[in-house]
Each structure stands twice: as structure tokens, then as C-alpha cells.
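Engineer:
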Amino acid sequence: MVDVLGSNGVEAPRALGLIDFFRLFWQQRFLLLFVMLVSGGAGAGYAFWAVPVYEFNVVLGPPAASEVSALNYGRGKDFGLGYLTTREVYAVFARELKSLDVRHDFYTKIYLPSLPVEVRGSEEASYARFAKKLVIAEMPLKIYPDENFDKRFPLNSYLVVMRDSNAEQVKQWLQAFVKFASDAAVAEVVEQVNRDAMVLARSYDHQIEVERSAANDGASASRIRAWEVKRNYFRDLKVGAEGVGVYRSDGFLQVENIAPGKKIIVYFFLSALLGGAFAGLMIAGKFFFDVLRWRQGKF
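In terms of this note's numbering, the sequence shown opens at residue 18 and continues consecutively.
1) Taking just the CA atoms, how far does residue 244 sit from residue 150?
2) Report all residues from its chain with a CB closer than 8 Å to the CB of residue 101; omit the five preceding and five following residues, and keep chain order.
3) Nearest to residue 133 by alpha carbon, out of 186, 203, 76 and 77?
4) Residues in the same chain with beta-carbon distance under 8 Å from residue 196, minus the five sequence neighbours each way, listed in chain order, please.
5) If residue 202 and residue 258 are in contact, beta carbons under 8 Å, what's the gap, nearest whole angstrom?
6) What does a CB cutoff of less than 6 Å around residue 156 pick up in its chain, not counting 5 residues either side in sequence?
7) Hey, quick one: how far does the alpha helix (DSSP H) through residue 237 stretch, first residue to last?
8) Residue 251 to residue 69, Cα distance in whole Å?
9) Return the Cβ separation of residue 119 and residue 214 in integer angstroms, given the expectation that the two are a contact with Cβ distance under 8 Å.
10) Compare the C-alpha of residue 261 against each of 236, 228 and 106 and name the closest.
11) Tell me, please, which residues DSSP counts as bridged to residue 215.
12) How big is the Cα-Cα spacing for residue 182 and residue 266?
13) Leaving aside the five residues before and after residue 240 along the sequence, list all residues of the same chain whose C-beta is less than 7 Å from its C-beta, in chain order.
14) Tell me residue 153's beta-bridge partners as DSSP assigns them.
15) Measure the alpha-carbon distance for residue 184 versus residue 76 and round it to whole angstroms.
16) Go through its chain and collect everything with a Cβ distance to residue 116's Cβ below 8 Å, but skip five positions before and after it.
17) Measure from the alpha carbon of residue 321 to the alpha carbon of each residue in 269, 216, 231 and 138, then state which is nearest.
18) So, using beta-carbon positions, are residue 194 and residue 123 closer together than 8 Å?
19) Under a Cβ-count criterion, where at least 16 other Cβ atoms within 10 Å of its own Cβ denotes burial, should residue 271 be classed as buried or exposed?
20) Suppose you measure from the CA of residue 269 to the CA of residue 253; what does that come to, to the nearest Å?
21) Tell me the DSSP secondary structure of residue 92 in three-state form.
22) Hey, would you say residue 256 sits closer than 8 Å to residue 110, going by beta carbons?
23) Considering just the uninterrupted stretch of the beta strand (DSSP E) at residue 158, what are its terminal residues?
This is the structure we're talking about:
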């Protein structure tokens, strides 16, 4: 009841009580239940039929000192070439990891050939989908190369994430992308080390020629022989990629099915709850609107 008889026998409005609200919702219980079932069914259907998405990620940090030692053969103050530090080598890797050229080369040589021809689509659309699957984010350094690493000068770690509906495929892509960037970085630092050696060898050649033109005693001949030994060493020095590391990882981590598949209960519950709440608000709103219109004499 929303009204009572006044002293003049005319129905007068009274304040609505809590019992009126419960009675209202009880009268509409079947409508509410129907809306909740429909909403929950829609949520469950989406959870059942939505394509699952799997994620693999890895955190990458600087290499250990032992992994860059092969790059320092023939370097040091006695030769005029400074030692390469883990920081310098890691900086090269970080640059390659974030490079758009490396990303596009990986897309062209690794990612695209692994897709069935019928799902590739246009190159622009395919590359846009690829760009959404691969995410690289900087984060505070969590992996230190060794106990002697100077933590007063922190570097960034890199979180590399790959997502796709094929769990095994996405793991292979992520591993291949990290290796792709690593190979590019190793090739760059090895090329630089070998180039430095050739420059130093030519420098010794020049010193030898100068000394020979002015040689007039045994001391000069001794210096020439010493420089020839160093020149021959750097001329023959060829540093390879074997044993060279430009990063360190904490292992690949799989996050299974980050899409709705395993969250069906949550989706169902939330959908039903939200649907029922929406229906309840609609019913309550109509009820209050009707009462307001009645009080204003518009019925």
C-alpha cells in the first residue's frame, strides 16, 4: 500500500517504508530472475566461446662479467684499448631489443612465415596484430650480472611479453625474438672488437715504418721487433661469437589463458549480478516515477 484514507475519506499519500520495497521486488522476482539468467547466460557464452589468449614473458638484465671476457682479448691499458664492460655490452643489446628494425626483421623472417597463408591478410593488418602481441617494457633492474656489479649505478631490466591464442607458438616466438635481438647485439659488438683490432694493427704498422726510417741502433731494432709481434697478434686476432653473452634472463614464465576461458564462474556471476541490479534499478525507477506522477495528480 502506498496510500491511506484521510479524515475526509480521500486517499492520502503516505511515506514509503522498507516493506514496500521488499514487496515491490518480490512481486517482480520472476522478471529479475529472467534478466539475471539472460545476463549470466550471455556472460557464460562469451567465456565459453571467446578465443583464449596465452602469454609468455621474460625479464632480461645485464650479462655476467664472464660472458663478455672473450671480447677483451688484447685489450687493456698496455694496448691502448679499454676493456668492454657488462654495462657497455648490455647497452648494445638493449638498443637492439628496442630497435624497430630488429622488430620488423623478426616479423618478416620469423613471425610471418610461421602463420598459415590464409590468416595473414594484408601486410599492414598483419603487422598491426603482431605489434599488439609483442610488448617490451622497461623496469627497475632485478638481475645483477655478478656480486661485484656496482649497484650505485642501476640499469633497467626489460620485460618482454608475447601473447597469442596458441600457447606453444607464443613460447617459440618469444624465445626466437630474444635470440634474434641477442644475435644482432653479439654480431655488433664482435664486429666492433675486430674492427678495433685491425685499427690497432695498422697503427703498429705505422709505428714500425716510422722507426725503420729513423733506425740507427740496436734499441730501435728491438722496438721494431716488439711492435711487429703486437701487430701480428692484432692482425690475426679474430674474436668470434662463441661464449659471448649480452644479457641474462630469469627464465620464461607462462601465464595460462589470460582470456576469459578459466574465469567463466566470475564472468557468469558478475553478468548475473549486474543484470539483476540493472533490472532492479529499472523497476524501482519506474515505481518511483509512477508514485511521483500519482502524487502530482497525473494519473
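C-beta: ideal position from N, C-alpha, C; glycine also.
Structural biologist: The answer reads as follows:
1) 55 Å
2) 85, 88, 89, 92, 206 and 210
3) The shortest C-alpha separation from residue 133 is found at 186.
4) Nothing meets the Cβ criterion.
5) Going by Cβ atoms, the distance from residue 202 to residue 258 rounds to 10 Å, so no, they are not a contact pair.
6) In the same chain as residue 156, and ignoring 5 residues on each side of it, the C-beta atoms closer than 6 Å to its own belong to 174 and 176, in chain order.
7) Counting along the chain, the unbroken alpha helix (DSSP H) around residue 237 starts and ends at 235–253.
8) Pairing residue 251 with residue 69, the inter-Cα distance amounts to about 56 Å.
9) 26 Å between Cβ atoms; not a contact.
10) 106
11) None; residue 215 has no bridge partner.
12) 24 Å
13) Excluding sequence positions up to five before and after residue 240, its CB lies within less than 7 Å of the CB of 228, all in the same chain and listed in chain order.
14) 177
15) 19 Å
16) 198 and 201
17) The requested residue 321 is not part of the displayed model; the chain covers only 18 to 316.
18) yes
19) exposed
20) Taking the straight line joining both Cα atoms gives about 39 Å.
21) coil
22) no
23) No beta strand (DSSP E) contains residue 158, which DSSP labels as neither H nor E.
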